[in-house]
Amino acid sequence: MLKIENLHATVDGKQILNGLNLTIPSGEIHAIMGPNGSGKSTLSYVLAGREGYEVTEGSVTFGEVDLLAMEPEERAVAGVFLAFQAPVELPGVGNANFLRTALNAVRRAKGEAEIDAIQFLKLARARMKVLNMPDDMLKRPVNVGFSGGEKKRNEMLQMALLSPKLALLDETDSGLDIDALKLVSDTVNSLRGPDFSALVITHYQRLLTHIVPDRVHVLSAGRIVKSGGPELAHELEASGYGAIQDAAA
Amino acid sequence: MTAISSTGPAAFLGRHEGLRGRLPGAQLPWVEALRDRSAAAFRAQGFPTRRVEAWKYTDLAVVNASVFGEPLTAVDDALALPPAAGPRAVFIDGRFRADLSALEGLPFTVENLASALPRLESRLGALARPEEQSLAALNGMLFEDGLVVTVPESVEAGVLELFSFATESERAPAFHPRHLVRLGAGASLTLVETAAGPATARYLHNPVFEIEVAEGARMNHGRLQQEGRDAFFLSTVYARVQAGGTYDNFTMNAGSRLARNEIHVALCGPKAECHMNGVQLLADGQHADTTTALDHAAPDCSSRQTYKTVLSGKSRGVFQGKILVRQIAQKTDGYQMNQALLLSPDAEIDSKPQLEIYADDVKCSHGATVGELDAEQIFFLRSRGIPLEQAKAILVEAFLTEAVEAVADEAIRDALSRAVTGWWQRQGIQGGIEAA
Ligand SMILES: Nc1ncnc2c1ncn2[C@@H]1O[C@H](COP(=O)(O)OP(=O)(O)OP(=O)(O)O)[C@@H](O)[C@H]1O
Ligand SMILES: [Mg+2]
């Protein structure tokens, strides 16, 4: 599904990713952990196509296609979804209108029939129920005045509606209360299947008890320095990154 | 024979001399006096240059240098207008067209100025100040027609539409309609005005409004300026609001090559209110100027102004907002906000707020912002599959939302949304946000 080879990337001339290799087969969920500033968000932005993140070397293949050659909206249509670490606010843009516009943009690009307002509301309400989001969040402007946890849940609502093939979750768990963590995990797990894979960025082992990953990787200074099974997350929780970074250096 | 200048003030003054005996009201001494006084004021001022403080950012040199003619539309020229959805008054090249209007059975009076003139001595010119506003002087000298609306005490007049169309003409017509609106105590009226014309014709539309809102009355005034892209739209509104009355003006400036939307409002009785909101949507080659002057002349009044300008290509926007709080106007609550969104590096906005406060117990604030579309917001929308152009359109719409939502009247809000959508389509941008 996703194959990253020898990825080097700079932001504002600063080298952040330094030869990153990572393969996520279809149907698998991988977790990335790593110290602050190691390049986790940068990786997710490079994959989603954010302007200003320049790839200087390496390749990213998504399915059969060269992901790096695509515009951000084309990647979204192809099935890439980034849940932002810090979702932006859109004053003046109603959440429901935004969600329907996004859903129909993706459907149109795929040649699928558009969803009318009534069908949309039904769909959205069903997903919101799972996430325990009150209906009035549809009427409010996107993320404006939402609490930290509400913003993260809104990201998950977008993911659930767009049903991507590859979800990049950048610290979706931070800021969530214990119950919300469970609901968000349920939403991710509900998408699990042979055509869905995910890259879960987190600092906490707790999320990975709900969303059990197939593989766990440690990112340090822009490279994967260690990979293992779910047990690696437990080890890190106990020992921290120091030992791994020392070994990699 | 003396040569008659074909451009500038001399051309208009010459026209006034030449038409003297034929302009409406020529037999009425008071009309004659008004025209002469206006002519003298226009002769003294001419078209204001940028050395005049109120015209610092808007240059009328191009108007000054243009040759204009008389509107030649015949009264029976066939025109394809959509059927009237409600009461409407239609003006073609500044002249009333009864055949295209729909004004039967109204609980208030709608007339055209040319016919009603003998009865208008106390109203015409009651608010306009030709000695101070040169364009009002030009209008006072050459007006031929206009809308005269009189809403009796306590009557809820509902919605009246005012259409002003320019026709295709080689002669670059100039027309100067004078519109008078008077609301009796406790009355209400929503006037939705559309000014439009052929995409490429050159003409000058120079309307002047005199609006009187009596005690406790409410006037909603929605204005959609969608003139042709080579037109000059120079408009001056005077409104006077008595105790407990409200004047609510919303203006969209989207058309014309050069637009001036000048509004003078005087709040003359306690607890009078004024809302002035607007959007300016400017594309390459356009210049739009909104200039407001608010006179707080009584205590306990409030005023709210929110203007938003979106500029693309090489366009220029101007906002000048003056708030005068007289010594008597204690407990004034004044608010003014002007925001601009620059979509192109070649666009320019000039903003000049001006507070003059002589009372000590007042709350007055103003602010201005200039910005560009936010790259993070654009990326967020694109990351959800929304194409770049649509993402931009959504964010521009969102920027305008605050000003649009401030419009109290639903009819005006709807007309405005349609106009904004139409503007997008003319910019070649398909689809903003989809309603859910
Ligand atoms: N525009 C920029 N200019 C310079 N440096 C930048 C820029 N953006 C990010 N960086 C740097 O890149 C590095 C990686 O940042 P990134 O956000 O990817 O880290 P992260 O692993 O997600 O950290 P965290 O765990 O704190 O979220 C950091 O040192 C950051 O300061
Ligand atoms: Mg991060």
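Protein chains in written order, with UniProt numbering: chain A, 1 to 249; chain B, 1 to 436. Quick reminder that beta carbons are idealized off the backbone N, C-alpha and C, glycines included. Predicted model, so just to flag it, every value in this text is computed and none were measured.
Can you pull the chain B residues whose beta carbon is under 7 Å from the beta carbon of residue i, in chain order?
{"i": "residue 154 of chain A", "result": "Going along chain B, no residue has its Cβ under 7 Å from residue 154 of chain A, so there is no contact; the nearest lies around 12 Å."}
{"i": "residue 50 of chain A", "result": "379"}
Whose C-alpha, out of the options, is nearest the C-alpha of residue i?
{"i": "residue 387 of chain B", "options": "A/205, A/204, A/71", "result": "A/71"}
{"i": "residue 89 of chain A", "options": "B/423, B/395, B/130, B/368", "result": "B/395"}
{"i": "residue 218 of chain B", "options": "B/337, B/255, B/267, B/173", "result": "B/267"}
{"i": "residue 222 of chain B", "options": "B/137, B/414, B/91", "result": "B/414"}
{"i": "residue 164 of chain A", "options": "A/80, A/154, A/42", "result": "A/80"}
{"i": "residue 31 of chain A", "options": "A/204, A/238, A/239", "result": "A/204"}
{"i": "residue 184 of chain A", "options": "A/237, A/172, A/192", "result": "A/172"}
{"i": "residue 284 of chain A", "options": "A/221, A/150, A/142, A/14", "result": "As shown, chain A starts at 1 and ends at 249. That puts residue 284 of chain A outside it, with no answer to give."}
{"i": "residue 277 of chain B", "options": "B/38, B/316, B/45, B/337", "result": "B/337"}
{"i": "residue 318 of chain B", "options": "B/5, B/298, B/297, B/286", "result": "B/286"}
{"i": "residue 93 of chain B", "options": "B/50, B/195, B/111, B/51", "result": "B/195"}
{"i": "residue 401 of chain B", "options": "B/123, B/309, B/55, B/50", "result": "B/309"}
{"i": "residue 123 of chain B", "options": "B/85, B/34, B/142", "result": "B/34"}
{"i": "residue 182 of chain B", "options": "B/168, B/134, B/239", "result": "B/239"}
{"i": "residue 333 of chain B", "options": "B/356, B/315, B/296, B/339", "result": "B/296"}
{"i": "residue 23 of chain B", "options": "B/134, B/300, B/140", "result": "B/140"}
{"i": "residue 64 of chain A", "options": "A/25, A/93, A/45, A/50", "result": "A/25"}
{"i": "residue 307 of chain B", "options": "B/175, B/288, B/147", "result": "B/288"}
{"i": "residue 365 of chain B", "options": "B/377, B/359, B/335, B/391", "result": "B/335"}
{"i": "residue 229 of chain A", "options": "A/40, A/217, A/222, A/237", "result": "A/217"}
{"i": "residue 408 of chain B", "options": "B/369, B/248, B/367", "result": "B/248"}
{"i": "residue 222 of chain A", "options": "A/6, A/154, A/200", "result": "A/6"}
{"i": "residue 178 of chain B", "options": "B/344, B/162, B/154, B/210", "result": "B/210"}
{"i": "residue 121 of chain B", "options": "B/180, B/130, B/351", "result": "B/180"}
{"i": "residue 33 of chain A", "options": "A/170, A/146, A/187", "result": "A/170"}
{"i": "residue 118 of chain A", "options": "A/111, A/195, A/100, A/130", "result": "A/100"}
{"i": "residue 351 of chain B", "options": "B/216, B/36, B/341, B/169", "result": "B/341"}
Show which residues of chain A have a CB atom less than 9 Å away from the CB atom of residue i.
{"i": "residue 402 of chain B", "result": "91, 92"}
Have a look at residue i and residue j and give me their C-alpha separation to the nearest angstrom.
{"i": "residue 242 of chain A", "j": "residue 435 of chain B", "result": "51 Å"}
{"i": "residue 107 of chain B", "j": "residue 151 of chain B", "result": "8 Å"}
{"i": "residue 233 of chain A", "j": "residue 215 of chain A", "result": "10 Å"}
{"i": "residue 43 of chain B", "j": "residue 189 of chain B", "result": "36 Å"}
{"i": "residue 107 of chain A", "j": "residue 113 of chain A", "result": "7 Å"}
{"i": "residue 21 of chain B", "j": "residue 31 of chain B", "result": "11 Å"}
{"i": "residue 116 of chain B", "j": "residue 348 of chain B", "result": "44 Å"}
{"i": "residue 208 of chain B", "j": "residue 13 of chain A", "result": "58 Å"}
{"i": "residue 4 of chain A", "j": "residue 138 of chain A", "result": "36 Å"}
{"i": "residue 1 of chain B", "j": "residue 38 of chain B", "result": "Because the pLDDT at residue 1 of chain B is just 41, under 50, the model does not fix this residue reliably, and the value given afterwards should be weighed accordingly. The straight-line gap from Cα to Cα measures roughly 26 Å."}
{"i": "residue 184 of chain B", "j": "residue 156 of chain B", "result": "10 Å"}
{"i": "residue 458 of chain B", "j": "residue 291 of chain B", "result": "This structure cannot settle anything about residue 458 of chain B, because the visible part of chain B is limited to 1 through 436."}
{"i": "residue 231 of chain A", "j": "residue 202 of chain A", "result": "15 Å"}
{"i": "residue 9 of chain A", "j": "residue 47 of chain B", "result": "59 Å"}
{"i": "residue 95 of chain B", "j": "residue 105 of chain B", "result": "22 Å"}
{"i": "residue 240 of chain A", "j": "residue 380 of chain B", "result": "33 Å"}
{"i": "residue 55 of chain B", "j": "residue 134 of chain B", "result": "11 Å"}
{"i": "residue 94 of chain A", "j": "residue 252 of chain B", "result": "23 Å"}
{"i": "residue 17 of chain B", "j": "residue 363 of chain B", "result": "49 Å"}
{"i": "residue 331 of chain B", "j": "residue 301 of chain B", "result": "7 Å"}
{"i": "residue 154 of chain A", "j": "residue 283 of chain B", "result": "36 Å"}
Could you name the residues of chain B that residue i contacts, counting a contact when the two beta carbons are closer than 8 Å?
{"i": "residue 158 of chain A", "result": "384"}
{"i": "residue 88 of chain A", "result": "374, 376, 377, 380"}
Can you pull the chain B neighbours of residue i, defined as C-beta to C-beta under 9 Å?
{"i": "residue 102 of chain A", "result": "381, 384, 385, 386"}
{"i": "residue 18 of chain A", "result": "By Cβ distance, chain B contributes nothing, its closest Cβ being about 24 Å from residue 18 of chain A, past 9 Å."}
Below 8 Å on the Cβ atoms is my contact criterion, and I expect residue i with residue j to pass it. Report the Cβ-Cβ distance as a whole number of Å.
{"i": "residue 198 of chain A", "j": "residue 29 of chain A", "result": "5 Å"}
{"i": "residue 71 of chain B", "j": "residue 198 of chain B", "result": "Not quite, the Cβ-Cβ distance comes to about 13 Å (not below 8 Å), so this is no contact."}
{"i": "residue 58 of chain B", "j": "residue 260 of chain B", "result": "6 Å"}
{"i": "residue 416 of chain B", "j": "residue 191 of chain B", "result": "No, residue 416 of chain B and residue 191 of chain B are not in contact; Cβ-Cβ is about 14 Å, not under 8 Å."}
{"i": "residue 205 of chain B", "j": "residue 233 of chain B", "result": "5 Å"}
{"i": "residue 384 of chain B", "j": "residue 83 of chain A", "result": "Residue 384 of chain B to residue 83 of chain A, Cβ: 11 Å. No contact."}
query: Which residues, taken in chain order from the segment 375-400 of chain B, show a beta carbon closer than 9 Å to some beta carbon of chain A?
result: Flagged, chain order: 375, 376, 377, 378, 379, 380, 381, 382, 383, 384, 385, 386, 387, 388, 390, 391, 394, 395, 397, 398, 399, 400.
- prompt: Which residues, in chain order, does the segment 63-85 of chain A contribute to contact with chain B at a C-beta distance below 9 Å?
  reply: From the segment 63-85 of chain A, only 71, 72, 73, 74, 75, 76, 77, 80, 81, 82, 84 have a Cβ closer than 9 Å to chain B.
query: Going along the chain, which residues of the segment 105-121 of chain A sit with their C-beta nearer than 8 Å to a C-beta in chain B?
result: Residues of the segment 105-121 of chain A that bring their beta carbon within less than 8 Å of a beta carbon in chain B comprise 105, 106, 109, 117, 120, 121, in sequence order.
field: Members of the segment 160-174 of chain A that neighbour chain B once the beta carbon cut-off is set at 9 Å
entry: Residues 162.
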